[in-house]
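Counting from 4, one number per residue, gives the positions in the sequence shown under this note's numbering.
Positions of the beta carbon are idealized from the N, C-alpha and C atoms, including for glycine.
Just so we're clear, the structure is a prediction, and the values are computed from it rather than from any experiment.
What follows is a set of notes on a single structure, which appears directly below.
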Amino acid sequence: MLRLVGEMLNATAYAIVHGMSAGFEPEQKTRDKMQLWFVRNQTRLLAIDIICVTLLFFSYLLTSTFQTLSAELLTGLHIASFVLASFIVVSVVWRGVVPAIICILGSVLIVNSIMLPSLEATLPNEVNFGGKRYMYAPYSPEAAEIAAMTHFFLGVLMVGFSIIVAYKPALLFARNRPISLDAEWAKYPVWHDNTLLADGRSEPSVPVRSLITDKDRYLLWRYEYVLANIYGTNHLVRPEGLVPKDSTAVLRDDASGMIIGKARYTGFFV
4 MLRLVGEMLN ATAYAIVHGM SAGFEPEQKT RDKMQLWFVR NQTRLLAIDI ICVTLLFFSY
64 LLTSTFQTLS AELLTGLHIA SFVLASFIVV SVVWRGVVPA IICILGSVLI VNSIMLPSLE
124 ATLPNEVNFG GKRYMYAPYS PEAAEIAAMT HFFLGVLMVG FSIIVAYKPA LLFARNRPIS
184 LDAEWAKYPV WHDNTLLADG RSEPSVPVRS LITDKDRYLL WRYEYVLANI YGTNHLVRPE
244 GLVPKDSTAV LRDDASGMII GKARYTGFFV
């Protein structure tokens, strides 16, 4: 664990130092190297997160159970909890802004829950209301215990949620959700202008533009790929691609008669 933590700190320091002293391209390369390091060590980083949360839980138990800890031990626990929470944040922050913010908020709550029981209780204050005197305590050990427990478990839930968002977002997907457009077109193979038949014979190839009407050619800029049946199998063909002349049929929508294909720009659904 210590070796991996050292590598993580070295990678972060290397990126910061070289990013400040280099131009855009070197900075981009440094960022890519750092990203690659995190990708390769995802499993180890997840293990470190689990270990850090476990150690933070024991720190919380110590501060909330034993009220007579020495000031030196409390200071050490506070520093250790801050360092452990920082490791969790660093292991998540590279995955994006959303998991990073959630993890930071959760880590702050966890550290706060460890520090709350060590605060000194204040004396009750007196207030006059409606001619009557009331005594209230702005802070008490009982209130600190309840607040610490609430902050800790809420922080753990937020940290766990941020880790799920960072590493396993598929766990949060709803069932029967709509299929994305890219997934819809992924089932079709892409045609690569090859016109060699299975038995070794070749067939003359022509641009796919020559197999459609003039009206279709005016609208061809909207398509990234055109769906065509080639040798009995549907393929995605580039608008400037070549296809077998006698074994290709461009597919059309039955209702509108327009060419079926993958849209090049968002908003043009065909």
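Taking C-beta separations shorter than 6 Å and ignoring five residues to either side along the sequence, the partners of G109 in its chain run G158, M161 and V162, following chain order.
For V95, the enclosing alpha helix (DSSP H) covers residues A74 to V96.
When DSSP states are grouped into helix, strand and coil, S110 belongs to the helix group. In this structure, DSSP gives I233 an extended state, which the three-state scheme calls strand. Nearest Cα to L87 within the set V95, C55 and E75: C55.
Apart from the 5 residues on each side of it in sequence, V114 sits with its Cβ closer than 7 Å to the Cβ of S84, F85 and A88 in its chain, given in chain order. Sequence-distant Cβ neighbours of Y268 in its own chain, meaning closer than 8 Å and more than five residues away, are R225.
Here the C-alpha atom of I51 lies approximately 8 Å from the C-alpha atom of I91. The beta-bridge partner set that DSSP reports for G264 consists of V229. Rounded to the nearest whole angstrom, the C-alpha separation of I149 and L39 is 43 Å.
For V168, the enclosing alpha helix (DSSP H) starts and ends at P144 to Y170.
Pairing V100 with S165 gives a Cβ-Cβ distance that is not under 8 Å. For S208, the enclosing beta strand (DSSP E) starts and ends at S208 to P210. In this structure S213 is exposed. Its beta-carbon is surrounded by fewer than 16 other beta-carbon atoms within 10 angstroms.
Per DSSP, the continuous beta strand (DSSP E) segment holding T251 begins and ends at T251 to V253.
The C-beta of G264 has 16 or more other C-beta atoms within 10 Å across all chains shown, which makes the residue buried. Under the three-state reduction of DSSP, R47 is assigned to helix.
Nearest in C-alpha terms to D249, of all of T153, S208 and P242, is S208. Between S121 and L77, the CB-CB gap stays under 8 Å. For L64, the three-state secondary structure derived from DSSP is helix.
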